[in-house]
Amino acid sequence: MARVMLEVQKITMKFGNLVANDNVSFSVNEGEIVSLIGPNGAGKTTLFNCISGFYKPFSGKVFFEGKDITGKPPHQITMMGLTRTFQIVKPLKDMTVRDNVLTGAFLRSSSKKEAERIADEVLELTHLWEKRNMLAGSLTTADKKRLEIARVLATRPKMIMLDEAMAGLNQSEIKEAMELCIKLNRAGITLLIVEHIMEAIMPISHRVIVLSAGKKIAEGEPAEVTNNEEVIKAYLGERYYAKSKKLDHGL
Amino acid sequence: MRKLLAVLVVLLSFVVMAQEVIKIGAIFPLTGAAAATGVKIKYAVEVAQEIINGVYPEINLSLAKSAGLPNLNGAKVQFVFADHQGNPELAMAEAERLIRNEKVVALIGCYQSSCTKPASQIAEKYGIPFVAGSSSSAALTERGLKWFFRIAPHDGMETVFFFNYLRYLNEKYNANIKRVAVVYIDNEYGVHAALMVKEKIKDFPEFSLVADVKYPVSATNVDIEVQKIKAAKPDAIFHASYIGDMTMFVKKYKEFNVVPKVVLSYCGGYQDPQFVVNLGKDADYFAGTNATTPALFAKMPILSKINEMYKAKSGVDIDGPTLEDFASALVIAEAINIAGTTEPEKILEVLKTHTFEAPYFVSEKIKFGPDGQNIYSASVMTQIFNGVYEAVWPEQYQTHEPVPQFPDWKKR
Amino acid sequence: MSMLAQLVVTGVLVGSVYSLVAVGLTLVWGLMDIINFAHGDFMMISMYTVFWLYALLKWDPLVSLPIAAFVAGMIGLLTYKLVIKRVLNAPGLMALLATFGLSLFIRNLAQFLWSPNYRFVGESILSGKRLIISDVIVGLPQLVAALGSIGMTLAVALFIKKTKFGKAIQATAQSREIAELMGVDTEKVYMFTFALSGICVGVAGTLLSGIFPVYPESGAMYGLLAFVIVALGGFGNIWGAFYAGIMIGLAETIGGFYLGTQFKYAIAFLIYLLVLQFRPKGLFGW
Amino acid sequence: MKKTPLLVILALLLILPLVVEDVNFQHVMLMMLIFAGLGEAWNIITGFAGQTSFGHAAFFGIGAYTSTVLFYKFNVSPWIGMILGALFAGIVAFLVSYPCFRLKGHYFAIATLAVAEIIKQLFVSWDYVEGATGISIPVVPDSFWAMQFHRSKIPYVLIAYGLFVFVLFVAVAIERNKMGYYLKAIRESHEAAEALGINTARYKLLAMIVSSMLTALFGTLYAQYILYIDPFMVFGLDVSMKIVLLTVLGGLGSVYGPIIGAAILIPLSEYTRTLLGGTGKGIDLMIYGILIVIVVVFEPRGILGLLRKRSRRRLNYGKSNA
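As structure tokens, this is what we get:
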């Protein structure tokens, strides 16, 4: 049995009267790729924010490598080795691609030389080396998404949470992104992925967790989950929607 | 041939000497919040320059009768104006620039005492005379500066003058004034005046200070200030305010029906003729020290002539502070003339010892004490009646009897 | 007790004029995220308009009101056309720099044209009149200024909420791109909003001209207070600016009376800091 | 190679006031150095970290008052006063940071303005430091210890130059190292910075403290140079805005920005005033104002943007195509 990396216990999050997460529990083991899926408004991003420290959950607890991280500020959580990307990319626009990654690399080394070494390594790994001197603001959407990943990679995380890292990408870009995920996983990084594009994540995920209306409605291997009746019920319309949306962006 | 050339050279050098221009720096707030006063002063100094450089036989002043300075071969005087915007840094920088680059031989200025302080410090450093006209902070002449002179009575003298006037009203008119309030702007000018009130009132035990109302610079309204004053029920109010705030105060006094017996103003907003223009009959019965008043023009022909020239430029009658800065221009020019040279030490000697003629002041003369303060107070107490600043005290200058009682605002 | 009542009344009257100055500022600030440093100077120009119409033609300020509002509105419009338009997409504080330069220019132009003298509109229908309710004295000029301010704020709020153009303004404030996709001529929206902001402050200037001296620096302190009020109310929130203005007026009078009149603005600034500890995006901001 | 322009500028700033003997020019250079230095200091919190401060006059004033009061009351050398002033400024920055940093964007900017105005009013009303009357610094013969030089402005210029170089050095050191990257990340996106493990609160606080301490240093020099201070001149909004404007004009977030901005704005305001200020019609400020507007309208990225336009284009697109 693999070691538990992340454990989410009974997270509930409310905004006023709106319950975004309702008593959600799950865990992610070391070395796993776990996907978190669900229709729009299911509370995936809110859950991410609760885990990564951007929100303080209303109730419930989050453990990372056995340590309670509930309500800790995001930077401390990142420091411990759990980091995330954002659904709406947040490139450091007025800085170059390399400086973006370098900023992440400084977490593990205050020496600029060493940080630069880490950054360049990551740039190679993520195929951004060629674009290292461009301003992050001038990148394409796909490259911005890749930069999000590159930047957090430079912080030398044990586990990354990807928030819709593939939304808005075309087929070949999605394929590249999938490959990157596998590559990272092989390098020993645990992944928790929020994604709409089932075709992309089903093949690479070890396990899938389904949220609907703030509640966890299913959990299991991809094949299991896709056959789960409740999931199909909650999700079917949404899936087609996702497909059409994907087409739009693909153009 | 050679002789002719020599003569020509001599002649030419005479011409050059005759046309030599003596520059005097004049630093005033020509822009910014105090620009209204600064610009008026500029007109007055320009009038002084015209009088010095031109021939005005009808003005009985030694410098008016000849063109330029007679003892320096008729050299012309030029006042070089600089703007300090009410900022001490600029006053200091401009003083230094005028001395070093414009080669001025003396300085006048700066209206606001906070600007006069650093500017006169520079004059001290370069060993050049500085004659302040209207800056009234007593602190200026307490610094022990060698090169600094001031014409206006300082706020300490004004305060004593105020209390003596109140005493006079009590004795002569049974005014029964006891309760004094001091209302002042929260800057160097106002705070220092208030300090003087608190200090000098000890010598006048029949009066008590019942309110001390300080309001911020650039106030948008003075509602609560007036309510505080009203609550204190003063018989006399001392004001250290500028024209804008002073006008707002009067409007509020009327609105809240504040009826003291006398309101006395330090050299500031009250003296500005705009006070009467803005307030009309509401300005009546306010009083304050003033170096001059149009009511005196009839008695003082020279002043009247100066005012004529000034009014042609500015459109208003000359007021006290402006006349004081006008005097500073004339005094420094006369000192240079008497010294017969622009050598600073010689000018300084004259400033220290000479008694200057000043027929435009009620005191008619100016003489500086060892601290550089003019020992002849140039001020009279004025009070406004029907829009005219009348001289009410001391009695020998009186153009109108004082009225130590505000009529009810409704009965005006 | 009657003193406190008087202070409250005074505070509300003083504050409502602040409100009107701030409402104009918040419109522009909320819509374009632009700090208009020259806002107070627009007000000064409208005060001069009123003054000259009074001095030369003996017009009562209330009669000149539409003209003064129009003049200030036009200045707002021109400011947009000539300056703001070109710095809309410039980084951060560039627009602030431009409006600062403009403010300096307007102030000194006023001095150049009209001298730095302090002027007053001496006589008007309202001047010197007052109401006395038990012990509380209310100056009619202030009362009219306050009522005018409330009326104007109400009109602007209704305009934004009810009219089609107002909705276009709201949409543009949310997102320029989306508004454009929806067919809104955002250029026109910006221009008009700047003009509307000018009109607000023009009305404020008119109402103030009877109680505050007219001189080139007239707008300076009102402009500064308006910044704080707009932020206190929440950027872009009209009613926020209105209530924040009243609040600052009350803080100034009551705080100033009991703690020392020289502190009245310091108290207003302190109120801002305190309130925002609990509502970091202003009273009405989210 | 990148260092060359900076070194040339530094050399020019040093040589010019020494060679040109005109006092007014030296004064302009002195003010330029002071305000360029203030701009550099302000740039750390606003240009790098993106937290707009409209209240830096508070720290400038604290620097000016600390050394002045110590010298005036206790005859303590302004050099010691300068260090203590920086310390006090740092402490005040620490204290006001807590309430201010809870606020974001313009709310923060207005908060800093409010803090500075409150501090100004406290000094105006504080009798121990002479309140509104201000303090005339006692004049003593030329002395390094007393930081007073009456025979020549050169020592003041040299001190200003020294302070400026020091501040520039600090700014460059910050920009080129971890802290600079972290501050810029905070400026670009608070959330992204947090996700990268950056303790945003701590770094903003650190930037604020460093910035305020550096600002205070110039306050002391300014007071010793003018020999008179009052709360309005050192705590005034004018001072804060001057720092903001010249840095923005030059180019926000770059160490060159404040130098360029000060080199344009300070001589422009000084020379328009000396040439036209005597008219009493405000012509100088009209010209000054309209020139600012024109510069902004025609070059909305700041002067530095104009200079960089070409090289930036090469940097961005040229290399990616290669």
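Chains as they are written, first to last, in numbering that gives the first Met the number 0: chain A, 0 to 250; chain B, 0 to 411; chain C, 0 to 285; chain D, 0 to 321.
Ideal Cβ placement from N, Cα and C applies to all residues, glycine included.
So that I know if they touch, is there some Cβ in chain C lying closer than 8 Å to that of residue i?
i, result
"B/Gly-85", "no"
"B/Ala-192", "no"
"B/Glu-187", "no"
"B/Thr-321", "no"
Between residue i and chain D, is any beta-carbon pair separated by less than 8 Å?
i, result
"C/Val-143", "no"
"A/Met-94", "yes"
"C/Ala-230", "yes"
"A/Met-78", "yes"
"A/Arg-145", "no"
"B/Asn-163", "no"
"C/Leu-24", "no"
"A/Val-18", "no"
Could you give the first and the last residue of the continuous alpha helix (DSSP H) run that contains residue i?
i, result
"D/Ala-56", "56 to 73"
"C/Ile-228", "217 to 232"
"B/Lys-304", "300 to 313"
"A/Arg-97", "96 to 104"
"D/Tyr-82", "Checking the sequence, you will find Ile at residue 82 of chain D rather than Tyr. Segment 77 to 100, the alpha helix (DSSP H) holding D/Ile-82."
So residue i is in the beta strand (DSSP E); what residue range does that whole segment cover?
i, result
"B/Tyr-440", "Residue 440 of chain B is absent from the model: chain B starts at 0 and stops at 411."
"B/Tyr-183", "178 to 184"
"A/Gly-284", "Shown here, chain A extends from 0 to 250; a query on residue 284 of chain A therefore has no answer."
"C/Ile-253", "From DSSP, C/Ile-253 is part of no beta strand (DSSP E); its letter is neither H nor E."
"A/Asn-28", "17 to 28"
"C/Val-309", "The shown model of chain C, from 0 to 285, leaves out residue 309 of chain C, and the question about it has no answer."
"A/Ser-211", "206 to 211"
"C/Leu-81", "Neither: C/Leu-81 is in no beta strand (DSSP E) and is coded neither H nor E."
"A/Ser-58", "58 to 63"
Is residue j closer than 8 Å to residue i when the C-beta atoms are compared?
i, j, result
"D/Leu-162", "D/Phe-234", "no"
"B/Val-190", "D/Thr-132", "yes"
"B/Ser-425", "B/Phe-147", "Residue coverage of chain B in this structure runs from 0 to 411, which leaves residue 425 of chain B outside it and unanswerable."
"A/Asn-184", "A/Ile-32", "yes"
"A/Asp-93", "D/Glu-187", "yes"
"B/Val-262", "B/Gly-386", "no"
"C/Leu-76", "C/Phe-193", "yes"
"C/Thr-171", "C/Leu-26", "no"
"B/Tyr-164", "B/Met-299", "no"
"D/Val-295", "C/Leu-24", "no"
"D/Gln-147", "D/Gln-223", "yes"
Closer than 7 Å by beta-carbon distance: list the chain F residues that pair up with residue i, in chain order.
i, result
"D/Leu-204", "Although the question refers to chain F, the structure presented lacks it and instead comprises the protein chains A, B, C and D."
Please tell me whether residue i has its Cβ less than 8 Å away from any Cβ of chain A.
i, result
"D/Gly-196", "yes"
"D/Ala-345", "An answer regarding residue 345 of chain D cannot be provided, because it is not within the stretch 0 to 321 covered by chain D."
"D/Tyr-221", "no"
If we cut at 8 Å on Cβ distances, does residue i have a partner in chain B?
i, result
"D/Ile-109", "no"
"D/Thr-273", "yes"
"D/Leu-226", "yes"
"C/Asn-236", "no"
"D/Ile-14", "no"
* **Ranges of the alpha helix (DSSP H) found wholly within the segment 211 to 266 of chain D, counting only runs of at least 4** => 230 to 234 and 236 to 249
* To do: Return the residues of the segment 280 to 308 of chain D that lie within a Cβ-Cβ distance of less than 7 Å from chain B, sorted by chain order.
  => Gly-281 and Leu-284
* Contacting positions in the segment 159 to 179 of chain D - beta carbon closer than 7 Å to chain A -> Asn-176 and Lys-177
* **Length-filtered (4 minimum) alpha helix (DSSP H) runs lying within the segment 48 to 111 of chain B** => 87 to 99
* Asked: Fully enclosed by the segment 209 to 274 of chain B, which alpha helix (DSSP H) runs are 4 residues long or longer?
  -> 222 to 231 and 242 to 254
* To do: Return the residues of the segment 251 to 275 of chain C that lie within a Cβ-Cβ distance of less than 8 Å from chain D, sorted by chain order.
  => Gly-259, Gln-261, Phe-262, Tyr-264, Ala-265, Phe-268, Leu-269, Tyr-271, Leu-272 and Leu-275
* Determine which residues of the segment 89 to 105 of chain B have a Cβ less than 7 Å from any Cβ of chain D, and write them out in chain order. => Met-91, Ala-92, Glu-95, Arg-96, Arg-99 and Asn-100
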